[in-house]
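Numbering (this note's numbering), first residue to last: 7 to 219. The beta carbon of each residue, even a glycine, is placed where N, CA and C say it ideally should be. Keep in mind that this is a model prediction, so the values were computed, not measured.
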(Lines of atoms letter the chains of each structure in order from A; the text may use other names.)
(Lines give C-alpha, C1' and ligand atoms only; values in the text may rest on other atoms or scores of the structure.)
Protein backbone atom coordinates (compact mmCIF):
# COMPACT_ATOMS: atom_id res chain seq x y z
CA UNK A 7 0.00 0.00 0.00
CA UNK A 8 2.85 2.34 0.80
CA UNK A 9 4.45 1.59 -2.52
CA UNK A 10 1.23 2.53 -4.32
CA UNK A 11 0.98 5.79 -2.40
CA UNK A 12 4.64 6.61 -3.06
CA UNK A 13 4.23 5.88 -6.76
CA UNK A 14 1.15 8.12 -6.95
CA UNK A 15 2.92 10.94 -5.10
CA UNK A 16 5.91 10.67 -7.40
CA UNK A 17 3.70 10.92 -10.48
CA UNK A 18 1.93 14.03 -9.07
CA UNK A 19 5.26 15.73 -8.32
CA UNK A 20 6.65 14.96 -11.77
CA UNK A 21 3.44 16.23 -13.39
CA UNK A 22 3.61 19.47 -11.36
CA UNK A 23 7.23 20.05 -12.33
CA UNK A 24 6.39 19.50 -15.96
CA UNK A 25 3.54 22.05 -15.84
CA UNK A 26 5.81 24.69 -14.31
CA UNK A 27 8.42 24.23 -17.02
CA UNK A 28 5.69 24.44 -19.70
CA UNK A 29 4.29 27.68 -18.25
CA UNK A 30 7.73 29.24 -18.05
CA UNK A 31 8.38 28.43 -21.70
CA UNK A 32 5.11 30.05 -22.87
CA UNK A 33 5.75 33.36 -21.08
CA UNK A 34 9.15 34.08 -22.57
CA UNK A 35 9.75 37.89 -22.57
CA UNK A 36 10.62 39.48 -25.92
CA UNK A 37 13.20 42.23 -25.62
CA UNK A 38 12.33 45.75 -26.89
CA UNK A 39 14.13 46.32 -30.20
CA UNK A 40 12.99 49.92 -30.71
CA UNK A 41 15.78 52.07 -32.16
CA UNK A 42 16.10 55.50 -30.55
CA UNK A 43 17.29 58.16 -33.01
CA UNK A 44 20.12 60.32 -31.78
CA UNK A 45 19.56 64.07 -31.54
CA UNK A 46 21.63 65.62 -34.34
CA UNK A 47 20.77 69.24 -33.50
CA UNK A 48 23.73 71.51 -34.08
CA UNK A 49 23.85 74.67 -32.01
CA UNK A 50 25.45 77.52 -34.01
CA UNK A 51 28.39 79.34 -32.50
CA UNK A 52 28.33 83.03 -31.58
CA UNK A 53 30.07 84.13 -34.80
CA UNK A 54 27.49 82.34 -36.98
CA UNK A 55 24.64 83.88 -35.00
CA UNK A 56 26.17 87.36 -35.19
CA UNK A 57 26.73 87.13 -38.96
CA UNK A 58 23.19 85.87 -39.55
CA UNK A 59 21.65 88.77 -37.64
CA UNK A 60 23.91 91.23 -39.43
CA UNK A 61 22.73 89.87 -42.81
CA UNK A 62 19.12 90.03 -41.60
CA UNK A 63 19.31 93.69 -40.60
CA UNK A 64 21.32 95.04 -43.55
CA UNK A 65 19.33 96.55 -46.47
CA UNK A 66 20.25 95.05 -49.85
CA UNK A 67 19.37 95.37 -53.53
CA UNK A 68 15.62 94.71 -53.02
CA UNK A 69 15.50 97.64 -50.59
CA UNK A 70 17.22 99.88 -53.14
CA UNK A 71 14.40 99.01 -55.53
CA UNK A 72 11.85 100.17 -52.94
CA UNK A 73 13.67 103.47 -52.57
CA UNK A 74 12.82 104.21 -56.23
CA UNK A 75 9.16 104.62 -55.16
CA UNK A 76 9.96 107.51 -52.83
CA UNK A 77 8.04 110.66 -53.68
CA UNK A 78 4.51 111.84 -54.46
CA UNK A 79 2.23 109.96 -56.86
CA UNK A 80 -1.07 110.66 -58.59
CA UNK A 81 -3.37 107.65 -58.50
CA UNK A 82 -6.12 106.74 -60.96
CA UNK A 83 -8.19 104.03 -59.28
CA UNK A 84 -10.75 101.77 -60.96
CA UNK A 85 -12.89 99.39 -58.89
CA UNK A 86 -15.30 96.55 -59.69
CA UNK A 87 -17.67 95.55 -56.88
CA UNK A 88 -18.42 92.18 -58.51
CA UNK A 89 -17.69 90.34 -61.77
CA UNK A 90 -19.20 92.16 -64.74
CA UNK A 91 -20.16 95.23 -62.70
CA UNK A 92 -19.75 98.74 -64.06
CA UNK A 93 -16.44 100.17 -62.81
CA UNK A 94 -16.23 103.13 -60.47
CA UNK A 95 -13.33 105.56 -60.77
CA UNK A 96 -11.61 107.72 -58.19
CA UNK A 97 -8.46 109.81 -57.96
CA UNK A 98 -6.10 109.90 -55.01
CA UNK A 99 -2.58 110.93 -54.14
CA UNK A 100 0.12 108.87 -52.45
CA UNK A 101 3.19 109.90 -50.51
CA UNK A 102 5.86 107.21 -50.31
CA UNK A 103 9.01 107.24 -48.18
CA UNK A 104 11.54 104.86 -46.66
CA UNK A 105 11.70 104.49 -42.87
CA UNK A 106 13.98 102.91 -40.25
CA UNK A 107 17.19 103.33 -42.17
CA UNK A 108 15.79 102.45 -45.62
CA UNK A 109 14.56 99.08 -44.36
CA UNK A 110 10.82 99.61 -44.94
CA UNK A 111 8.63 101.55 -47.33
CA UNK A 112 5.68 103.50 -45.93
CA UNK A 113 3.03 104.99 -48.21
CA UNK A 114 0.06 107.16 -47.23
CA UNK A 115 -2.89 107.33 -49.65
CA UNK A 116 -5.49 110.12 -49.51
CA UNK A 117 -8.55 110.98 -51.57
CA UNK A 118 -12.31 110.54 -51.82
CA UNK A 119 -14.13 107.23 -52.09
CA UNK A 120 -17.85 107.20 -52.95
CA UNK A 121 -18.17 110.79 -51.76
CA UNK A 122 -16.40 110.19 -48.45
CA UNK A 123 -12.89 111.17 -47.33
CA UNK A 124 -10.55 108.21 -47.62
CA UNK A 125 -7.13 107.57 -46.12
CA UNK A 126 -5.06 104.41 -46.10
CA UNK A 127 -1.53 103.41 -45.23
CA UNK A 128 0.62 100.61 -46.60
CA UNK A 129 3.98 99.25 -45.56
CA UNK A 130 6.22 97.19 -47.80
CA UNK A 131 9.24 95.20 -46.70
CA UNK A 132 11.73 92.75 -48.10
CA UNK A 133 12.58 90.08 -45.54
CA UNK A 134 16.22 89.04 -45.96
CA UNK A 135 15.58 85.82 -44.03
CA UNK A 136 12.53 84.54 -45.92
CA UNK A 137 13.63 86.26 -49.17
CA UNK A 138 10.14 87.51 -49.91
CA UNK A 139 8.18 90.75 -49.78
CA UNK A 140 5.54 91.47 -47.15
CA UNK A 141 2.87 94.16 -47.58
CA UNK A 142 0.40 95.44 -45.00
CA UNK A 143 -2.62 97.71 -45.47
CA UNK A 144 -4.91 99.66 -43.11
CA UNK A 145 -7.48 102.37 -43.86
CA UNK A 146 -10.24 104.47 -42.30
CA UNK A 147 -13.00 102.30 -43.80
CA UNK A 148 -12.10 99.04 -42.10
CA UNK A 149 -10.89 97.63 -38.79
CA UNK A 150 -8.66 94.87 -40.12
CA UNK A 151 -5.06 94.66 -41.26
CA UNK A 152 -4.42 93.02 -44.62
CA UNK A 153 -1.15 91.09 -44.81
CA UNK A 154 0.12 89.58 -48.07
CA UNK A 155 3.47 88.14 -49.12
CA UNK A 156 5.08 87.54 -52.47
CA UNK A 157 8.10 87.14 -54.72
CA UNK A 158 9.55 89.44 -57.36
CA UNK A 159 9.53 88.30 -60.98
CA UNK A 160 12.42 89.94 -62.81
CA UNK A 161 11.02 89.02 -66.25
CA UNK A 162 7.80 90.99 -65.73
CA UNK A 163 9.13 93.51 -63.17
CA UNK A 164 6.25 92.45 -60.92
CA UNK A 165 5.86 91.49 -57.26
CA UNK A 166 3.19 88.79 -57.07
CA UNK A 167 1.47 88.88 -53.69
CA UNK A 168 -1.06 86.48 -52.16
CA UNK A 169 -2.76 86.06 -48.81
CA UNK A 170 -6.13 85.74 -47.10
CA UNK A 171 -8.71 88.05 -45.56
CA UNK A 172 -11.97 87.64 -43.67
CA UNK A 173 -15.06 88.63 -45.65
CA UNK A 174 -17.16 91.12 -43.60
CA UNK A 175 -20.40 89.61 -44.94
CA UNK A 176 -19.78 85.87 -44.54
CA UNK A 177 -17.24 86.21 -41.69
CA UNK A 178 -15.23 83.52 -43.50
CA UNK A 179 -11.64 83.57 -44.70
CA UNK A 180 -11.05 83.91 -48.43
CA UNK A 181 -7.98 84.20 -50.67
CA UNK A 182 -6.80 87.49 -52.15
CA UNK A 183 -4.11 88.29 -54.69
CA UNK A 184 -2.25 91.43 -55.73
CA UNK A 185 0.30 92.31 -58.40
CA UNK A 186 2.55 95.38 -58.22
CA UNK A 187 4.30 96.19 -61.48
CA UNK A 188 7.22 98.58 -62.02
CA UNK A 189 6.04 99.79 -65.44
CA UNK A 190 8.77 102.39 -65.86
CA UNK A 191 10.66 104.96 -63.81
CA UNK A 192 7.59 107.13 -63.27
CA UNK A 193 4.72 104.61 -63.54
CA UNK A 194 3.48 101.83 -61.27
CA UNK A 195 0.44 99.57 -61.62
CA UNK A 196 -1.31 97.81 -58.77
CA UNK A 197 -3.97 95.17 -59.46
CA UNK A 198 -6.09 93.49 -56.79
CA UNK A 199 -7.95 90.20 -57.32
CA UNK A 200 -10.85 89.08 -55.13
CA UNK A 201 -13.23 86.09 -55.21
CA UNK A 202 -17.01 86.31 -55.52
CA UNK A 203 -19.49 84.33 -53.40
CA UNK A 204 -19.23 81.37 -55.78
CA UNK A 205 -15.47 81.23 -55.23
CA UNK A 206 -14.56 82.59 -58.68
CA UNK A 207 -11.64 85.03 -58.87
CA UNK A 208 -12.14 88.41 -60.53
CA UNK A 209 -10.21 91.67 -60.83
CA UNK A 210 -11.60 94.04 -58.19
CA UNK A 211 -9.22 96.99 -58.40
CA UNK A 212 -6.59 98.64 -60.56
CA UNK A 213 -4.52 101.67 -59.62
CA UNK A 214 -2.26 103.43 -62.10
CA UNK A 215 0.32 105.51 -60.25
CA UNK A 216 2.21 108.28 -62.04
CA UNK A 217 4.97 110.21 -60.33
CA UNK A 218 4.04 113.81 -59.55
CA UNK A 219 6.58 116.23 -61.00
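Cross-strand partners of residue i (DSSP beta bridge)
i, result
"residue 190", "193"
"residue 166", "157, 185"
"residue 106", "Beta-bridge pairing links residue 106 to no other residue."
"residue 100", "79, 115"
"residue 200", "208"
"residue 46", "None, per the DSSP bridge assignment."
"residue 95", "84"
Beta carbon of residue i nearer than 8 angstroms to that of residue j
i, j, result
"residue 134", "residue 61", "yes"
"residue 98", "residue 115", "yes"
"residue 142", "residue 166", "no"
"residue 215", "residue 131", "no"
Residue range of the unbroken beta strand (DSSP E) whose run includes residue i
i, result
"residue 173", "It is not in any beta strand (DSSP E) - residue 173 carries neither H nor E in the DSSP assignment."
"residue 145", "138-145"
"residue 85", "77-85"
"residue 133", "122-133"
"residue 210", "207-217"
Extent of the continuous alpha helix (DSSP H) run through residue i
i, result
"residue 72", "67-73"
"residue 61", "52-63"
Looking at C-beta atoms only, is the number of pairs between the region 79-92 and the region 54-70 that lie closer than 8 angstroms three or more? Result no; under three Cβ-Cβ pairs closer than 8 angstroms.
Are three or more beta carbon pairs between the region 71-81 and the region 140-152 nearer than 8 angstroms? no
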